[in-house]
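Student: This is the structure I have questions about; it appears just below.
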Amino acid sequence: MFEREWNFLPELTGKEPDYDALNYSARQGATRVFCKQASAYLAAQKNRPGFKPPTITLIGHSMGAIVVAEMLHRSHDIETQSALPFDRVVLMAAACSVNDFKNKVAPYLLEKVNQRTKLYNLCLNDAAERVEKYPGEFDLAARGSLLVWIDTLFQDPESENDRTFGRWENAVLATDDIPAAVLNRMTIKQFGRDRPRSQINYTVGKTAPKGPFILEPTHHGDFSRFAPKTATTNFGFWRDLYWTTETVGR
């Protein structure tokens, strides 16, 4: 998404103009090109009379949080010129490590030009995270969400900072050494589990007439869409209500 294999090979040489275009396009991933062009567009529009900068929200779910961390990290790269002014960054069940957050995301938030950027780290209920069951009648696979599997099966973390940032317990422990200037603009939210509709409902659109109806994410894959065979409703993951902390009585 940021670098391609051509970037590690000698540049092509020739008299045809196509060589220059190939050297450029074949050496940069699509996300890098997008950030560069979007940044250049906003810079060109900045001094246009009546131009109002758009509010930009960056949302990443699971592995998408790894991409988000890399995008923010590369905003410090002078060569890419991809310093997009993100107003809000939303991580949902982030598969990036705590180290990724501290080394890539936090420095972006500390930049003077990004003092308005707010970050939301959305996590599953801790109990739901640990007991998530994978499809099948016999329950043969180890229980736990994908993030639990990453922390316990797929990787061998040597410290707490090597664990995934999207798990509630890992995120809370990580706050011990996150700078106050970053922490004051962060919201770490843990969703509930098996709560009644009268307490909370994060869904939007049509409601399912019968069958199970999930009111908030309880599985790793629930954050943006759920149970397509039994319900057509999506979670409104693009809304402030979904990111912010709950108020008593809502």
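If you read the sequence shown in the working numbering, its first letter stands for residue 9, the second for the next number, and so on. Heads up, the beta-carbon is just placed ideally off N, CA and C, and yes, glycines get one too.
Note down, in chain order, each residue of its chain lying with its Cβ closer than 8 angstroms to the Cβ of D134, except the 5 sequence neighbours on either side.
Tutor: These residues qualify, in order along the chain: R175, W176, E177 and Q198.
Student: Using only the alpha-carbon positions, how far apart do R40 and I208 sit?
Tutor: Spanning the two alpha carbons is a distance of roughly 39 angstroms.
Student: CB-CB under 6 angstroms to H81, same chain, minus the five flanking residues each way: which ones, in chain order?
Tutor: Same-chain partners within the cutoff: K112.
Student: Which residue's Cα is closest to the Cα of T226: L132, L127 and S47?
Tutor: The candidate whose alpha carbon is nearest that of T226 is L132.
Student: Following the continuous alpha helix (DSSP H) through H69, name the residue where it begins and the one where it ends.
Tutor: No alpha helix (DSSP H) holds H69; the beta strand (DSSP E) holding it covers T65 to H69.
Student: By Cβ distance, which residues of its chain are closer than 6 angstroms to Y128, with the 5 residues on each side in sequence left out?
Tutor: Once the five neighbours on either side are set aside, the close Cβ partners of Y128 are V98, T195 and W251.
Student: By the three-class DSSP mapping on this structure, what secondary structure does F199 have?
Tutor: Correct three-state label for F199: coil.
Student: Do you know how far the Cα of L130 is from the Cα of L117?
Tutor: Their Cα atoms are separated by approximately 18 angstroms.
Student: Taking 8 angstroms as the limit between beta carbons, can you name the residues of its chain near D95, skipping five residues before and five after?
Tutor: Counting only Cβ-Cβ distances below 8 angstroms, and skipping sequence neighbours, we find T63, I64, T65, R124, T125 and K126.
Student: Among the candidates A46, C104, R233 and R12, whose CA atom is the shortest distance from the CA of A182?
Tutor: Ranking the options by Cα distance to A182, first place goes to C104.
Student: Would you decide whether D108 is buried or exposed? Buried here means 16 or more other CB atoms lie within 10 Å of its CB.
Tutor: Buried, because 16 or more other Cβ atoms sit within 10 Å of the Cβ of D108.
Student: In whole angstroms, what is the alpha-carbon distance linking R193 and I186?
Tutor: Each residue's alpha carbon lies about 11 angstroms from the other.
Student: Leaving out five residues before and five after R12 in sequence, what residues of the same chain have Cβ atoms less than 8 angstroms from its Cβ?
Tutor: These residues qualify, in order along the chain: A34, R35, Q36 and G37.
Student: For L249, I'd like the list of residues in its chain whose CB is within less than 6 angstroms of its CB, leaving aside the five on either flank, ordered along the chain.
Tutor: So no residue of the chain qualifies.
Student: Give me whichever residues DSSP pairs with S105 in a beta bridge.
Tutor: In the DSSP output, where bridge partners are listed per residue, S105 has T172.
Student: Would you tell me roughly how many angstroms separate the C-alpha atoms of R280 and G58, rounded to the nearest one?
Tutor: It is not possible to answer for residue 280, since the shown part of the chain is limited to 9 through 258.
Student: What is the rounded straight-line gap between the Cα of R203 and the Cα of S167?
Tutor: Approximately 34 angstroms between the Cα atoms of the pair.
Student: Figure out for me which residue from G68, M79, R56 and A114 has the closest Cα to the Cα of A189.
Tutor: Considering only alpha carbons, the answer is A114.
Student: Quick check on the DSSP output: the alpha helix (DSSP H) that includes K112 runs from which residue to which?
Tutor: No alpha helix (DSSP H) holds K112; DSSP gives it neither H nor E.
Student: Would DSSP call L92 helix, strand or coil?
Tutor: Of the three classes helix, strand and coil, the one that applies to L92 here is coil, per DSSP.
Student: Are the Cβ atoms of H228 and L155 separated by less than 8 angstroms?
Tutor: For H228 and L155, yes; Cβs fall inside 8 angstroms.
Student: Whole angstroms are fine: how far does the CA of F146 sit from the CA of L191?
Tutor: Rounded to whole angstroms, L191 to F146 spans 43 angstroms at the Cα level.
Student: Rounded to a whole number of angstroms, what is the C-alpha to C-alpha distance between E224 and E140?
Tutor: Distance between the alpha carbons of E224 and E140: 15 angstroms.
Student: Can R151 and R138 be called in contact, C-beta distance under 8 angstroms?
Tutor: In contact: R151 and R138 (Cβ atoms closer than 8 angstroms).
Student: Among D184, R201, F245 and V180, which residue has its Cα nearest to the Cα of V212?
Tutor: Among D184, R201, F245 and V180, the Cα nearest to that of V212 is on F245.
Student: In terms of residue numbering, what span does the beta strand (DSSP E) encompassing K141 cover?
Tutor: No beta strand (DSSP E) holds K141; DSSP gives it neither H nor E.
Student: For A102, does the count of other Cβ atoms within 10 angstroms reach 16, so buried, or fall short, so exposed?
Tutor: It counts as buried.
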